[in-house]
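Numbering (the numbering used here), first residue to last: 3 to 252.
C-beta atoms are modelled at their ideal positions from N, C-alpha and C, and glycine is treated no differently.
Since the model is a prediction, treat every value here as computed from it, not as a measurement.
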Amino acid sequence: MFIKNILLIISLILTGITSAKEIRGIELPSGEEVEIRVFPAKGNILIIGFACDNGKSKHEEATSESLAEDGIEVWMPDMLGTYMLPKSRSSYNEIPNEDLTHIIYEAISTNKEVYIVASGPDTQLLLKTAAHWKKEYPGYKDLKGAILLFPRLNDGAPEPGVEPKYVESVGSTTIPLMVLEGGRTPNRWGLNHLSAKLASGGSRVISKIVPDIRGYFFNRADPNKTEDIVTSQLSGLIKVSLFYLQESSK
């Protein structure tokens, strides 16, 4: 009986944790409805995470739960899934700008400080959203900043000895940007160049190298010890990034 009671208590606790995530539908100007995974919190910060993962990002959800427990609300809209688009770079250009900015409008309407975050090639969608928000809603509060985790923003494959070319959205923003790159990826050598291009539109850019990790480390099947640790502490990495962005705005 004692064991059964313990198992029942554990089950109730786990059920409570799971129910912390809500699925919220928002009707978009295009007529589509996007489903947003919402991890509600009572604090004054709201993060929009462009996961573009068809709801399959286990580590991102665990990170969102951890952030929510610390008072940071997280919204995870899956824009590619909404339009049934494949996960490819060309798909980002097919998502209507007004739909992206409408999600920002809904978030800012909560009166919280809104930041956006994305990783890898999804950072292209992040920059596109930030740029068009300012154009379409010039009289509204701006985004507080953005976190780019291990961005992949090259336009085509890099060529040795040739200056990198980036996707159109690079250099189109004015909000503060925090850029994190892995110490075990070749992209670290181009971080200063990318940061300069990102800043060319008026953004204050802070860039940092995270030692001994590779790109997409939190989704790798063969993580090293450091990558395991950083994956488990991804929410802490995001909170530190928020601190840098807040300090840069003072």
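Inset, instruction - Keeping to the same chain, check which residues put their C-beta closer than 6 angstroms to that of residue 75; ignore five residues upstream and five downstream. - result: Position 73 of the sequence shown, counted from the start, is the residue given in the question as residue 75. Cβ-Cβ distances below 6 angstroms link residue 75 to 42, 43 and 48 in the same chain, with the five nearest sequence neighbours on each side left out; the list follows chain order.
Inset, instruction - Output the boundary residues of the beta strand (DSSP E) element that contains residue 35. - result: For this step, residue 35 is matched to residue 33 along the sequence shown. Start and end: 35-41.
Inset, instruction - Decide yes or no for the touch test of the segment 112-120 against the segment 80-87: beta carbon pairs closer than 8 angstroms, at least 3 of them. - result: By the criterion of at least three beta-carbon pairs nearer than 8 angstroms, the segment 112-120 is not in contact with the segment 80-87.
Legend entry - Burial state of residue 249 (16 or more Cβ within 10 Å): Here residue 249 is taken as the residue at index 247 of the sequence shown, counted from 1. Counting C-beta atoms within 10 angstroms of its own C-beta, residue 249 has fewer than 16 neighbours from the protein chains shown and is therefore classed as exposed.
Legend entry - Cβ-Cβ distance between residue 134 and residue 102 below 8 angstroms: For the purposes of this step, residue 134 is taken as the residue at position 132 of the sequence shown. For the purposes of this step, residue 102 is taken as the residue at position 100 of the sequence shown. In this structure, the beta-carbon distance from residue 134 to residue 102 falls below 8 angstroms.
Inset, instruction - Measure the alpha-carbon distance for residue 99 versus residue 139 and round it to whole angstroms. - result: Position 97 of the sequence shown holds residue 99. Position 137 of the sequence shown holds residue 139. Straight-line Cα distance between these residues: approximately 12 angstroms.
Inset, instruction - Evaluate residue 26 with the Cβ neighbour count: other Cβ atoms within 10 Å of its Cβ, from every protein chain shown; 16 or more gives buried, anything less gives exposed. - result: Translated into positions along the sequence shown, residue 26 becomes position 24. Label assigned to residue 26: exposed.
Legend entry - Own chain, CB closer than 7 angstroms to residue 205, minus 5 neighbours either side, in chain order: Looking up residue 205 in the sequence shown gives position 203. Only 175, 176, 177, 178 and 179 meet the Cβ criterion.
Inset, instruction - Measure from the alpha carbon of residue 108 to the alpha carbon of each residue in 29, 169 and 166, then state which is nearest. - result: Residue mapping note: residue 108 aligns to position 106 of the sequence shown, counting from 1. Cα-wise, what sits closest to residue 108 is 29.
Legend entry - Beta carbon proximity, residue 238 to chain B, threshold 8 angstroms: No chain B appears in the structure shown, which is made up of a single protein chain.
Inset, instruction - Inspect the beta-carbon positions of residue 130 and residue 171 and report whether they are closer than 8 angstroms. - result: If you number the sequence shown from 1, residue 130 lands on position 128. If you number the sequence shown from 1, residue 171 lands on position 169. Between residue 130 and residue 171, the C-beta gap is smaller than 8 angstroms, which places the two residues in contact.
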